[in-house]
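In the working numbering, the protein residues as written are 24 to 60. Here the structure comes first, spelled out in structure tokens, and everything after it is commentary.
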């Protein structure tokens, strides 16, 4: 993982807290898929 990805996650942490857990999991799966390509 690059530092920019970690910074993005930290910046989005407040948004994640307001989202349903299922939505968070979907988002992380998408990010991981995009990141691995």
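Just so you know, even glycine gets a beta-carbon here, dropped at the ideal spot from N, CA and C.
Requested in this report: Classify residue 44 as helix, strand or coil using the three-state DSSP reduction.
Outcome: helix
Query raised in the report: Is residue 35 helix, strand or coil by DSSP?
Result: coil
Query raised in the report: Taking Cβ positions, are residue 28 and residue 50 nearer each other than 9 angstroms?
Result: no
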